[in-house]
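Engineer: To start, I am sharing the structure in question, which I have written as structure tokens.
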């Protein structure tokens, strides 16, 4: 159990940053190249993934609601398009989650560089 | 002695054992509110699933599919896909930048007192509404499952007392483990039930879907009809059905990521990476469960039949009656006990999120300016408020009674979460210009729009025939002004617009100066709260 508790201190900016000095530390990190890279890398994955899943998901109620006859088309035996499309949503959601976890390894690596540079986990 | 009762008592004994064990590890705020942030990723994933899959999903969805076929399955889809919003947008920034509640994230760059006060109000609204729906459901359910052995009031009191005991003595640690035990039981029961349904159809999907395509029952007029239950449109009919379906989807997709009892779970793990893994674990469990509602719901429609279910307790009894039809009374008792466990785990999660918000946001930070006057005060206040919340929930559930029309409260909870909580969390993380006035107006408009629209929706506004009496009657006896049961399609944009307008009409340089701090914290985990050692 003990290994989950990290003993190193956060040597970076103080948690409560009222002074202009500590605020400028956050500004410095925010404008650093490493941080800009991290944000860009995140955006490249998260924005398209979010848009894709929202469009794919809302296609279901829209099609089922406004084209019920089309969605009732039987595809395999008695199984219709509506059911298959609904079922596909589960697998698409899992797929996106899996891809995100993979992409997030890069986020973690970039974030770790920033943490290392700014005092956390040094030595 | 009734087998169901024995199984209920076994579950209660196990959970009280967990609570006793947890009570000795719950000293201090981080231990009490966040289980010392030492819950492992897979454990938290199972607990999120246990926190989320309420009796509405287990009994409710099985019932809706059993009576209205395919349209019921659409609920199942939304309830899983919603976790992508949690995964991609909310879980990690929240864990990185917060401490115990969602308001912690807002308070970094905005003025803490007004923001926390509003966020706390919204949290308490979502949690208590959701809880009342669960309590009334629990009372009615336990009464049905145990028959004449207990009354509705006794059942409500028992559920209320148990949830108070878990939360007051065991805090987040006990709540987490009650949720884990419940999620495992629920998955086991659902897998077993699905297996038996397929065995009934000789493990032939052709035979199973063949039976679904011709379900025979008597409609409202007493006419015998045969319907293809895979066909869309049995529940959501024109003219407003399709819009209601989209509105429901919006409330689920954007509301789940704003449900306080789900959000607090991400503070129980050591870091953002573990929070991410716990969402994935939860998605595997939740997705598998909701795919299996195919077997539960359509199984009940084909094997038991809507006519029989209607005569034996109604839609909510679909899953237990299916168990009885397939494997007799012992399995009925097992599935009933799981339903009971489900309710207890969810109400415990709701109670701890409500009390955390009251104690940490309102008491410590709004009233006392962020200072704990005595060590342990925050936890003490939380324990007292858990007691009060439980007592109030018991009282309201008893006043409303078993026939009360409460299903809309779940829709309301999701609508408030999606229209009030989500916009301000997202804007505070992503929009530099966002400020305190925007957060307060966003929360206020989202909350009022959701409540107002539900109040004039068909859920609360309709003309009942004189045969409907008491609390089962609609609150306002007139034609509904707003035609949809789910307000999301209008209230979510209103919440965002409220937040935008509030932001633009006021000027707050500090919130913009501090945006970089929140941006760096939420994206890197720099300075995030650590796990603590016992």
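Chains as they are written, first to last, in our numbering: chain A, 1 to 123; chain B, 1 to 534. Even glycine gets a Cβ: it sits at the ideal position worked out from N, Cα and C.
1. Just confirm the distance between the C-beta atoms of residue 366 of chain B and residue 117 of chain B, as a whole number of angstroms; I'd bet it's less than 8 Å.
2. Could you give the distance in angstroms between the alpha-carbon of residue 108 of chain B and the alpha-carbon of residue 271 of chain B?
3. To the nearest angstrom, how far is the alpha carbon of residue 83 of chain B from that of residue 253 of chain B?
4. Can you check which of these residues, B:409, B:355, B:531, B:453, is closest to residue 164 of chain B by C-alpha distance?
5. Roughly how many angstroms separate the alpha carbons of residue 385 of chain B and residue 94 of chain B, rounded to a whole number?
6. So which residues of chain B does residue 30 of chain A contact, with C-beta pairs closer than 9 Å?
7. Comparing the C-beta of residue 116 of chain A with each C-beta of chain B, is any distance below 8 Å?
8. Quick check on this structure: which residue in A:112, A:93, A:52, A:113 has the alpha carbon closest to the alpha carbon of residue 287 of chain B?
9. Using DSSP's beta-bridge definition, name the partner residues of residue 218 of chain B.
10. Starting from the C-beta of residue 110 of chain A, find all residues in its chain whose C-beta is less than 8 Å away, skip the five residues before and the five after it, and write them out in chain order.
11. Can you tell me whether residue 21 of chain B is buried or exposed? The criterion is at least 16 other CB atoms within 10 Å of its CB, across all chains shown.
12. Can you tell me which residues form a DSSP beta bridge with residue 74 of chain A?
13. If you count every other CB in all the chains shown that lies within 10 Å of the CB of residue 369 of chain B, and 16 or more means buried, which is it?
14. Should residue 524 of chain B be flagged as near chain A, meaning a C-beta pair shorter than 8 Å?
15. Does DSSP classify residue 53 of chain B as helix, strand or coil?
16. For the region 31–52 of chain A, enumerate the residues whose C-beta is nearer than 9 Å to any C-beta of chain B, in chain order.
17. What does the Cβ neighbour count give for residue 101 of chain B, buried or exposed, with the cut at 16 atoms within 10 Å?
18. Which residues of chain A have a Cβ atom closer than 7 Å to the Cβ of residue 276 of chain B, listed in chain order?
19. Less than 8 Å between CB atoms is the rule here; does residue 111 of chain B satisfy it with respect to chain A?
20. Suppose you measure from the CA of residue 84 of chain A to the CA of residue 292 of chain B; what does that come to, to the nearest Å?
21. Do the region 170–179 of chain B and the region 27–38 of chain B meet, that is, are 3 or more Cβ pairs less than 8 Å apart?
22. May I ask you to list the residues that DSSP assigns as paired with residue 476 of chain B?
23. Measure the CB-CB distance between residue 119 of chain B and residue 350 of chain B and report whether it falls below 8 Å.
24. Quick one: grab the DSSP three-state call for residue 85 of chain B.
25. Helix, strand or coil: how does DSSP classify residue 315 of chain B here?
26. Taking Cβ-Cβ distances shorter than 8 Å, what residues in chain A pair up with residue 77 of chain B?
Structural biologist: On the basis of the coordinates in this document:
1. Indeed, because the Cβ distance is near 5 Å, the residues count as touching under 8 Å.
2. One C-alpha to the other measures close to 19 Å.
3. Each residue's alpha carbon lies about 8 Å from the other.
4. For residue 164 of chain B, the closest C-alpha among the options B:409, B:355, B:531, B:453 is that of B:355.
5. Here the alpha carbons of residue 94 of chain B and residue 385 of chain B stand approximately 24 Å from one another.
6. Those are 515, 516, 517, 519, 520, listed as they occur along chain B.
7. Answer no: the Cβ-Cβ gap between residue 116 of chain A and chain B never drops below 8 Å.
8. When only C-alpha atoms are compared, the closest one is A:93.
9. Beta-bridge pairing links residue 218 of chain B to B:224.
10. In chain order, 34, 37, 38, 41 place their CB closer than 8 Å to the CB of residue 110 of chain A, counting only its own chain and leaving out the 5 sequence neighbours on each side.
11. The residue is exposed, with fewer than 16 neighbouring Cβ atoms inside 10 Å.
12. As a beta-bridge residue in DSSP terms, residue 74 of chain A pairs with A:80.
13. When all chains shown are included, residue 369 of chain B counts as exposed.
14. Under the Cβ distance rule, residue 524 of chain B counts among the residues neighbouring chain A, one pair being separated by less than 8 Å.
15. In the structure shown, residue 53 of chain B sits in coil (DSSP, three-state: anything other than H, G, I, E or B).
16. In summary, the residues of the region 31–52 of chain A whose CB is separated from some CB of chain B by less than 9 Å are 31, 35, 38, 39, 42, 45, 46, 49, 50, in the order they occur in the chain.
17. With 16 or more Cβ atoms within 10 Å of its Cβ, residue 101 of chain B is classed as buried.
18. Under the 7 Å cutoff, chain A gives 101, 104.
19. Answer no: the Cβ-Cβ gap between residue 111 of chain B and chain A never drops below 8 Å.
20. The alpha-carbon atoms of residue 84 of chain A and residue 292 of chain B are separated by roughly 14 Å.
21. As far as the Cβ criterion goes, the region 170–179 of chain B touches the region 27–38 of chain B, which means the pair count is three or higher.
22. According to DSSP, which records beta bridges pairwise, residue 476 of chain B is partnered with B:461.
23. No, Cβ-Cβ distance for residue 119 of chain B and residue 350 of chain B is not below 8 Å.
24. Helix.
25. Reduced to three states, the DSSP call for residue 315 of chain B is helix.
26. One finds 57, 60, 86, 89, 90 in chain A with Cβ atoms closer than 8 Å to the Cβ of residue 77 of chain B, taken in chain order.
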